[in-house]
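Undergrad:
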Amino acid sequence: ANVGQQTALFAGIEAATGDINITIDIDLQDPPEVITQFLEEIDKGFDIVHAQRLSRRNETAFKLISAKLCYRFLALASPANLIECCGDFRAFTKPVRD
């Protein structure tokens with residue numbers, strides 16, 4: 001069963017068939033109008049384009065603190081250079097998906 005946001009997101013990516021894939025949270029916390037900018041960057045030859053939130057002012061103190069702790073933990077646990085405030089709002093090409 002597909003239970004939870006990440007499981008549903010993964011199921012959607014697995015089922016996708018397009019040349020360009022875009023993921024965005026259903027709560028529209030990220031502005032959909034940025035998708036055109038994603039497509040422009042893909043057209044320039046980038047295979048992955050991530051949005052980064054510049055402001056988290058509408059979030060609760062708990063959300064801000066828990067997000068900060070989560071990013072810190074992931075930064076320590078991962079060899080990759082992680083960027084804070086990158087959620088699931090992204091575009092990527094078929095070769096990345098496959």
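Using full-length UniProt numbering, the first residue of the sequence shown is number 1, and each one after it goes up by one.
Backbone N, C-alpha and C fix where the C-beta goes; we use that ideal spot for every residue, glycine too.
Looking only at its own chain, which residues have a Cβ that is under 7 Å from the Cβ of Asp47, when we skip the five neighbours before and after it?
TA: Closer than 7 Å at Cβ, skipping near neighbours: Phe92, Thr93, Pro95, Val96.
Undergrad: With distances taken between CB atoms, is the gap from Phe89 to Ala51 smaller than 8 Å?
TA: Against a cut-off of 8 Å, the Cβ pair of Ala51 and Phe89 comes out as a contact.
Undergrad: Just verifying my parser: in three-state terms, what is the DSSP assignment at Thr7?
TA: Residue state, collapsed to three classes: helix.
Undergrad: Any idea if Ile24 is buried or exposed, counting beta-carbon neighbours within 10 angstroms, 16 or more meaning buried?
TA: It is buried - the Cβ of Ile24 has at least 16 other Cβ atoms within 10 Å.
Undergrad: I need the straight-line Cα distance from Asp98 to Ile42, nearest angstrom please.
TA: Their Cα atoms are separated by approximately 16 Å.
Undergrad: Which one of Asn58, Ile22, Thr60, Gln29 has the shortest CA to CA distance from residue 100?
TA: For the chain, the structure presents residues 1 to 98; residue 100 sits outside this window and is missing.
Undergrad: What would DSSP say about Ala51, mapped onto helix, strand or coil?
TA: Three-state result, Ala51: coil.
Undergrad: Rounded to whole angstroms, how far is the Cβ of Gly87 from the Cβ of Arg53, which I believe are closer than 8 Å?
TA: Their Cβ separation, rounded to whole angstroms, is 7 Å, which keeps Gly87 and Arg53 in contact under 8 Å.
Undergrad: Which of helix, strand or coil does DSSP assign to Arg90?
TA: It is a strand residue.
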